[in-house]
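Numbering (my numbering), first residue to last: 359 to 699. Just so you know, even glycine gets a beta-carbon here, dropped at the ideal spot from N, CA and C. Have a look at the structure below, then the notes.
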Ligand code: TLP
């Protein structure tokens, strides 16, 4: 048995999703003529409460097109500690948009009080801050949900000062499921929102960027510039539509499985895990053992069919998703126990 907990990106499309892909109506999307893409974009805009949306090949391109559309070279943008947009997108934020990330807060979330002193004004000496970014849920923060009140205050403050706000909502539906609210309660505060179809929702490819019609018109141009203008990609959009129609409701299931695994890990000698941060489908834990570091533990787990992702010398990430069922979690708990118990 293989239990792949490296990421929720590893899911494979099942027979029904594949059928929807095979039967998708397609056209040339660079001409705006792919009916499946158009439908996905309309559905997505409606779901997140925005005027318009754009199908993107990846979450990285969604974030980077958003940054490019909102900023000019030489600006600065506010990001939470460890955010994907500045740390895990190959430096695109600086290389492509030429903006300086200003990191605020701890563990991925931050407050309005932490943001205000970091905002850089209009002196000719400074890289003027024009964009504020929030990642929710936060990947490197261990799937933590950005507190709703902080997010509201941050966006309101940004808007009062004439700044834009972008949400890296790669896993925003996990955040909404964890809070038990409609995702619009989160997305309504932002000028632009990206979410991924290829993570917890289980589609093989794709992300969506939403915003005002005006913003999306600008983003469309940059998507083309970045090489993201796809043609008969309705085959991929059909998987996204299927995912939105079938896989949103079940995200809470992944959260339960993650909690169960985290509770078992917490009991093991030499594993440190902050249970307050186990809120969704991502678990990050520290390995504090004389005999094993994170890399060695990863190798030992793999020998017994459990795949995890070492994210530093002493930290490991495990992510639950729709291809790991309750027996898979039982197996993972057993293997962790055998190696560490
Ligand atoms: N995250 C991936 C890896 O790149 C680390 C993962 O396995 O979790 N925003 C957030 C919050 C993300 O976690 C990711 C992907 C992205 C954006 C980028 O999405 P893709 O991989 O589609 O470019």
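Given a threshold of 16 other Cβ atoms within 10 Å of its Cβ, counted over all protein chains shown, does residue i qualify as buried or as exposed?
{"i": "residue 483", "result": "exposed"}
{"i": "residue 637", "result": "buried"}
{"i": "residue 514", "result": "exposed"}
{"i": "residue 415", "result": "buried"}
{"i": "residue 649", "result": "exposed"}
{"i": "residue 374", "result": "exposed"}
{"i": "residue 447", "result": "buried"}
{"i": "residue 572", "result": "exposed"}
{"i": "residue 585", "result": "exposed"}
{"i": "residue 426", "result": "buried"}
{"i": "residue 615", "result": "buried"}
{"i": "residue 539", "result": "exposed"}
{"i": "residue 646", "result": "exposed"}
{"i": "residue 419", "result": "buried"}
{"i": "residue 394", "result": "buried"}
{"i": "residue 370", "result": "exposed"}
For ligand 1, is there a heavy atom less than 7 Å away from the beta-carbon of residue i?
{"i": "residue 635", "result": "no"}
{"i": "residue 493", "result": "yes"}
{"i": "residue 418", "result": "yes"}
{"i": "residue 604", "result": "no"}
{"i": "residue 679", "result": "no"}
{"i": "residue 684", "result": "no"}
{"i": "residue 528", "result": "yes"}
{"i": "residue 554", "result": "yes"}
{"i": "residue 455", "result": "no"}
{"i": "residue 442", "result": "yes"}
{"i": "residue 446", "result": "yes"}
{"i": "residue 565", "result": "yes"}
{"i": "residue 497", "result": "yes"}
{"i": "residue 421", "result": "yes"}
I need the straight-line Cα distance from residue i to residue j, nearest angstrom please.
{"i": "residue 390", "j": "residue 597", "result": "19 Å"}
{"i": "residue 563", "j": "residue 380", "result": "15 Å"}
{"i": "residue 504", "j": "residue 496", "result": "7 Å"}
{"i": "residue 487", "j": "residue 470", "result": "15 Å"}
{"i": "residue 624", "j": "residue 630", "result": "7 Å"}
{"i": "residue 368", "j": "residue 657", "result": "19 Å"}
{"i": "residue 512", "j": "residue 432", "result": "22 Å"}
{"i": "residue 320", "j": "residue 410", "result": "Shown here, the chain extends from 359 to 699; a query on residue 320 therefore has no answer."}
{"i": "residue 599", "j": "residue 559", "result": "10 Å"}
{"i": "residue 677", "j": "residue 480", "result": "42 Å"}
{"i": "residue 589", "j": "residue 548", "result": "29 Å"}
{"i": "residue 498", "j": "residue 387", "result": "34 Å"}
{"i": "residue 542", "j": "residue 405", "result": "7 Å"}
{"i": "residue 685", "j": "residue 635", "result": "24 Å"}
{"i": "residue 437", "j": "residue 500", "result": "16 Å"}
{"i": "residue 403", "j": "residue 665", "result": "35 Å"}
{"i": "residue 462", "j": "residue 476", "result": "7 Å"}
{"i": "residue 557", "j": "residue 695", "result": "28 Å"}
{"i": "residue 365", "j": "residue 621", "result": "19 Å"}
{"i": "residue 450", "j": "residue 682", "result": "32 Å"}
Less than 8 Å between the beta carbons of residue i and residue j, yes or no?
{"i": "residue 473", "j": "residue 443", "result": "no"}
{"i": "residue 595", "j": "residue 398", "result": "yes"}
{"i": "residue 435", "j": "residue 663", "result": "no"}
{"i": "residue 555", "j": "residue 601", "result": "yes"}
{"i": "residue 544", "j": "residue 605", "result": "no"}
{"i": "residue 383", "j": "residue 628", "result": "no"}
{"i": "residue 698", "j": "residue 619", "result": "no"}
{"i": "residue 639", "j": "residue 532", "result": "yes"}
{"i": "residue 489", "j": "residue 521", "result": "yes"}
{"i": "residue 691", "j": "residue 643", "result": "no"}
{"i": "residue 440", "j": "residue 407", "result": "no"}
{"i": "residue 561", "j": "residue 610", "result": "no"}
{"i": "residue 424", "j": "residue 524", "result": "yes"}
{"i": "residue 570", "j": "residue 552", "result": "no"}
{"i": "residue 417", "j": "residue 577", "result": "no"}
{"i": "residue 679", "j": "residue 632", "result": "no"}
For residue i, write down the residues that DSSP places opposite it in a beta bridge.
{"i": "residue 428", "result": "Paired residue(s): none; residue 428 is not in a bridge."}
{"i": "residue 487", "result": "434"}
{"i": "residue 537", "result": "DSSP output for residue 537 lists no bridge partner at all."}
{"i": "residue 414", "result": "565"}
{"i": "residue 464", "result": "467"}
{"i": "residue 640", "result": "677"}
{"i": "residue 629", "result": "645"}
{"i": "residue 531", "result": "In DSSP, residue 531 forms no bridge with anything."}
{"i": "residue 493", "result": "526"}
{"i": "residue 361", "result": "664"}
{"i": "residue 551", "result": "525 and 568"}
{"i": "residue 458", "result": "434"}
Run the proximity test for residue i: is its beta-carbon closer than 7 Å to any non-hydrogen atom belonging to ligand 2?
{"i": "residue 365", "result": "You won't find ligand 2 in this model; what it holds is ligand 1."}
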